[in-house]
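Take the sequence shown: its letters are residues 1148 to 1409, numbered as in the numbering used here.
Backbone N, C-alpha and C define an ideal beta-carbon position, used for all residues, glycine too.
The structure displayed is predicted, hence computed values, not measured ones.
What follows is a set of notes on a single structure, which appears directly below.
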Amino acid sequence: MTGCSAGPVTGSGERVVVAGVAIDPLTENQVVQHVVRALAAGRGGHIVTPNVDICRQVAGSARLARLLAEAELVLADGMPLVWAARIQRRPLPERVTGADLIWSLSKAAARHGHPIYLLGGPPGIAEQAAGQLTALHPRLKVAGVDAPPYGFERSEEGLARVREALVAVKPELVFVGLGFPKQEQVIANLRGDLPGAWFLGCGSAIAFAAGATARAPEWMQETGLEWLFRLVGEPGRLARRYLLDDLPFAARMLVRAALARR
C-alpha cells in the first residue's frame, strides 16, 4: 500500500509515514488556522483523521488508500500513531481528533462567520449537537443538519437527496459523522458540489458533541486508553474490532517502527 499522494500543507513540514499512511505533522491550532485561511481564499478541502482501526483497513485496500490520498489534511487520531512516529524519530506534534476539531473549528466558524452543517448520526442527534455548539458559541451559524437513513449512500436517490439539501444552504464547514469509510466515500461524492467548503470526516464526534455518547476522561485520551473506555461501554459491538483486529495491528505497527529506527 502506498501513502497519501497529496503534498504536505505549506509550512507543516514533510509528511510523516506511519503504518503506510502519510500524516501531516500539525497541531490542532495549526489545522484550524489553515482551514480559516483557506476559506478566506475560497479554497475548500477534506480532513481525514485516521486512527489504528482506519490504518488497518487502509493497509488492506488500495481503494481506501485512495480516499486518504485525496484528502488535503491527514491527521493522527490515535496515540499509537503518535508513539510510532516518535519511535521512528519523526515525531508528530500531537494527536488531533475529529471529536476535538468539531469544537475548535466551530469556534473559528463563529468568529469568522462561516456557516456549518452537521451530517450523520441517529435522528435528532445532529440537532442536539448543533444546540450544544451554538450554546457555547452563540454567533455560530448552523446552515442545516441531516440524519439520512441507513444505506442512503447506496442509492442514487438517497445520495441525491442529501446533496440537494446540502447544496441548497451552501455551508462552508461540513461535519460528516458516518464512520469510516462511509463518511469519506460520501465526502468524495459531495465535495465537488461545494468546492469552497471544508469537509471533516468526524466519526462519533457529532454524538459526542450532542452528549448522546460519553467520551473517555482526558487522562485516558492522553494515555492511549480511550479505546478501553469505549470497549467497556459497547463490548458487543467493539470487542472483536479492538481485541482481535486493532490491538495486534497496533503491536505490529510499533514493532515495525522500532525496526525502521534501527
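Which of helix, strand or coil DSSP assigns to leucine 1215: helix
Exposure of glutamate 1161, with buried meaning 16 or more beta-carbon neighbours within 10 Å: exposed
Distance between isoleucine 1263 and glycine 1343 (C-alpha atoms, nearest Å): 13 Å
Backbone CA spacing between alanine 1361 and valine 1379 [nearest angstrom]: 12 Å
8 Å Cβ shell around arginine 1308 - same chain, five flanking residues per side excluded: Pro1295 and Phe1299
Own chain, CB closer than 7 Å to leucine 1306, minus 5 neighbours either side, in chain order: Phe1299, Glu1300 and Asn1336
Any beta strand (DSSP E) of 3 or more consecutive residues that is wholly inside the region 1285-1372: 1289-1293, 1320-1324 and 1345-1348
Three-state secondary structure (DSSP) of leucine 1239: coil
Exposed unless 16 or more other CB atoms sit within 10 angstroms - verdict on leucine 1325: buried
Whole-angstrom distance between glutamate 1319 and glycine 1225, CA atom to CA atom: 27 Å
Range covered by the alpha helix (DSSP H) that runs through glycine 1383: 1382-1386
DSSP state of glycine 1245 mapped onto helix, strand, coil: helix
Span of the alpha helix (DSSP H), counted from its first residue to its last, around glycine 1192: First-last for glycine 1192: 1192-1195, but that is the beta strand (DSSP E), not the alpha helix (DSSP H).
Which of helix, strand or coil DSSP assigns to alanine 1404: helix
Cβ contact (3+ pairs, closer than 8 Å) linking the region 1283-1290 and the region 1242-1260: yes
Beta-carbon gap between valine 1178 and glutamate 1331 smaller than 9 Å: no
First and last residue of the uninterrupted alpha helix (DSSP H) at glycine 1278: 1272-1283
Proximity winner among Trp1230, Gly1192 and Ala1354, relative to glutamate 1369 (alpha-carbon distances): Trp1230
Simplified DSSP assignment, three categories, for leucine 1255: Checking the displayed sequence, the identity of residue 1255 turns out to be alanine instead of leucine. In this structure, alanine 1255 counts as helix in the three-state DSSP scheme.
Own chain residues within Cβ distance below 7 Å of arginine 1310, not counting five before or after: Leu1337 and Asp1340
At least three beta-carbon pairs within less than 8 Å, the region 1267-1275 to the region 1236-1252: no
Pair within 9 Å by beta-carbon distance, valine 1165 and alanine 1404: yes
Leucine 1266: first and last residue of the uninterrupted alpha helix (DSSP H) it sits in: Segment 1263-1267 is the beta strand (DSSP E) holding leucine 1266; no alpha helix (DSSP H) there.
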